[in-house]
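Since the structure comes first, as structure tokens, the remarks are kept for the end.
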């Protein structure tokens, strides 16, 4: 079962004096790239939280946001009374004004507020960790649902290529007759001066160059391999990417050997389906 790298998860936990919100958003990426936006006082736990995210999401460009809103009487900032009073005193020497107006000006000055850094208590961190795990469950579910949509699209595209390949197989005998006739016509003027046995040998050589039997077999095998990989327990976007490259190689070879307009039209349609597959494979975990 495949999973998408696109997803979103959110969890909110209410403590006695704080509301903790964790948000996770992921997009496709070649590797895991976590961008963390968390308050400075929680930085000491960042590596642990990154590790938890990496163990679950594995790949993708992940935006991790932690918001902590104080809902009770607790506050981390206090008025620096000594500094504010000193500002007011200095302002009185400069301008005449009411106390309240001078106070409004003073509290906007640098160091008017002092922030006391406090360590995270274990209960609070456990709440944050729980919120993170819940958000990870939600984003994983989102990725699985997106994966189902991708799988449905892959099945459609692979079946379309397989159907086009069947048409190629049906056209191939007719194509080989046309190729043989064109070769015979091309040498008709000089055939009288050419050894008949040598001519037949050269004709067989050129017909073998145009033969696509091996490419048809390999393409069919690659399509089956792609489908079996879709059904595997693990989501492996890189493997599907490699298989799609091999599918493209066989389609291109058939196109270069076709030398027959009806078949080349089918090849163009196969390439179009494959490009859609390659675009979507970039989103697979």
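In the UniProt record's numbering, the protein residues as written are 1 to 285.
Don't be surprised by glycine CBs; every beta carbon is placed ideally from N, CA and C.
Residue 37 - containing alpha helix (DSSP H), residue span: No alpha helix (DSSP H) holds residue 37; the beta strand (DSSP E) holding it covers 32-37.
N-terminal and C-terminal residue of the beta strand (DSSP E) that residue 65 is part of: 60-70
Which listed residue (1, 40, 56) has its alpha carbon closest to that of residue 66: 40
Three-state secondary structure (DSSP) of residue 154: DSSP places residue 154 within a helical segment (H, G or I) once states are collapsed to three.
For residue 269 and residue 163, the rounded distance between their alpha carbons: 11 Å
Three-way DSSP call (helix, strand, coil) for residue 13 in this model: strand
Alpha helix (DSSP H) runs wholly inside the segment 234-273, at least 4 long, in chain order: 237-258
Residue 56 versus residue 280: straight-line alpha-carbon distance, rounded: Straight-line Cα distance between these residues: approximately 22 Å.
Residue 124 versus 180, 21, 138, 110, residue with shortest Cα-Cα distance: 21
Meets three-Cβ-pair contact criterion under 8 Å: the segment 254-267 and the segment 168-183: yes
Buried or exposed by the 16-neighbour rule on C-beta atoms within 10 Å, applied to residue 284: buried
Member of 251, 58, 197, 121 whose CA lies at the smallest distance from the CA of residue 235: 58
Residue 23 versus residue 96 - alpha carbon distance: 50 Å
Backbone secondary structure at residue 52 - three-state DSSP: helix
Close Cβ partners of residue 83 (< 7 Å) along its chain, the five nearest in sequence each way excluded: 111, 112
Continuous beta strand (DSSP E) stretch holding residue 22: start and end: 18-27
DSSP state of residue 147 mapped onto helix, strand, coil: helix
Coarse secondary structure for residue 232, derived from DSSP in three states: coil
Best match in 1, 26, 16 for proximity to residue 8 [C-alpha to C-alpha]: Distance check between residue 8 and each of 1, 26, 16 places 26 closest, using alpha-carbon atoms only.
Straight-line gap, residue 227 to residue 219 (C-alpha atoms, nearest Å): When rounded, the distance between both Cα atoms is 13 Å.
Within 7 Å, strictly: CB atoms of residue 246 and residue 215: One thing to note: residue 246 has its Cβ no nearer than 7 Å to the Cβ of residue 215.
Where the alpha helix (DSSP H) containing residue 105 begins and where it ends: 99-106
DSSP three-state assignment for residue 83, whether helix, strand or coil: helix
Outcome for residue 143 when other beta-carbon atoms lying within 10 angstroms are tallied against a minimum of 16: buried
Per-residue DSSP class, three states only, for residue 8: strand
Coarse secondary structure for residue 168, derived from DSSP in three states: helix
Beta carbon of residue 38 nearer than 7 Å to that of residue 151: no
Nearest-angstrom beta carbon gap, residue 240 and residue 167 [assumed within contact, 8 Å]: Going by Cβ atoms, the distance from residue 167 to residue 240 rounds to 25 Å, so no, they are not a contact pair.
With 16 other Cβ atoms within 10 Å as the buried cut-off, status of residue 132: buried
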